[in-house]
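In full-length UniProt numbering, the protein residues as written are 1 to 162.
The structure is reproduced here in structure tokens:
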């Protein structure tokens with residue numbers, strides 16, 4: 001059977017550039033507003049709120065949160081990618097069984113088995129592995145032939161039969 005790779009952790013990661021730039025931009029905006037509060041006064045914010053208050057600190061906090069979250073994701077993605085490149089992952093091949101889709105709004109994990117090996121993931125949990133649920137456009141369906149390279153259940157390469 002022919003397989004098409006739909007996810008490979010060793011090539012994932014280009015999608016992280018835009019959020020990184022957003023985080024840096026928020027940090028720079030926050031720093032600028034913190035040291036130049038008159039800018040906020042010129043935009044109509046009352047002087048007590050503009051000077052060293054929570055308002056100029058908000059972009060700093062959100063930017064820092066974005067960068068810390070991305071750092072955790074980059075680390076996990078790099079580890080998963082290294083597992084693929086170093087061939088340090090177990091491979092299982094077969095049809096998807098016991099498929100339980102994740103609801104669109106979350107609050108559950110998508111789960112399935114391939115030849116008795118269980119897998120679960122969620123769009124809302126940051127990992128370095130595959131985590132696109134069927135409700136958000138993911139390819140996994142009951143009975144689908146797949147070949148999965150995984151590290152302790154974390155899908156680092158997903159191939160779908162064609």
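C-beta: ideal position from N, C-alpha, C; glycine also.
Check	Outcome
Provide the residue(s) that pair with residue 114 in DSSP beta bridges, ordered along the chain.	96 and 117
Which residues bound the alpha helix (DSSP H) around residue 132?	First-last for residue 132: undefined, no H or E at that position.
Starting from the C-beta of residue 109, find all residues in its chain whose C-beta is less than 7 Å away, skip the five residues before and the five after it, and write them out in chain order.	102, 120, 121 and 122
Whole angstroms are fine: how far does the CA of residue 65 sit from the CA of residue 43?	26 Å
Does the beta-carbon distance from residue 160 to residue 84 come in below 8 Å?	no
My output table needs one value for residue 159: the three-state DSSP class, helix, strand or coil.	strand
By the three-class DSSP mapping on this structure, what secondary structure does residue 224 have?	This structure gives no information on residue 224, because the portion of the chain shown stretches from 1 to 162.
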